[in-house]
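*Asks:*
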Amino acid sequence: MTKYRVVVDKDKCIGAGSCVNLAGLTFRLGDDNKVELIDQDGNGDEEKLVAAQACPVMAIKIINTATGETVWPK
Ligand code: SF4
Numbered sequence: 066m067t068k069y070r071v072v073v074d075k076d077k078c079i080g081a082g083s084c085v086n087l088a089g090l091t092f093r094l095g096d097d098n099k100v101e102l103i104d105q106d107g108n109g110d111e112e113k114l115v116a117a118q119a120c121p122v123m124a125i126k127i128i129n130t131a132t133g134e135t136v137w138p139k
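In our numbering, the protein residues as written are 66 to 139.
1) In terms of DSSP beta bridges, what is Lys126 paired with?
2) Which runs of the beta strand (DSSP E), 3 residues or longer, sit entirely within the segment 85–114?
3) What does DSSP give as the partner residue(s) for Thr67 in the beta ladder?
4) Out of Cys84, Leu94, Lys75 and Pro138, point me to the one whose CA is closest to Asn108's CA.
5) Mark Val71 as exposed unless 16 or more other C-beta atoms lie within 10 angstroms of its C-beta, in which case mark it buried.
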């Protein structure tokens, strides 16, 4: 199990695909060209964080489930 929980905001997503390229077992693009969550534990914590940081519109939030802290965005 991974420690970081991912929350995606479809309304913000512009379909740039960076998250899919970096963590393709966690995110995919749907038919509407918007991000979809496939599996919270598809990729490791570090990969999920890097993917979130690569999103140009900050549509991905990362929460540390161990501490409740928002890891990204800061
Ligand atoms: S990187 Fe951001 S804008 Fe691009 S598909 Fe992922 S969530 Fe959407």
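The C-beta atom is built at its ideal place from N, Cα and C for all residues, glycine as well.
*Replies:* Taking the definition as stated:
1) Reading the sequence shown from its first residue, position 61 is the one you call residue 126. BP columns for Lys126 point to Val72.
2) Qualifying beta strand (DSSP E) stretches, in chain order: 92–94 and 100–102.
3) To locate residue 67, count along the sequence shown from 1; it is residue 2. Paired residues: none, contrary to the question.
4) Sequence index remark: in the sequence shown, residue 108 carries index 43 (1-based). With distances taken between Cα atoms, Asn108 lies closest to Cys84.
5) Within the sequence shown, residue 71 is the residue found at index 6, counting from 1. Looking at its Cβ environment, which holds 16 or more other Cβ atoms inside 10 Å, Val71 is buried.
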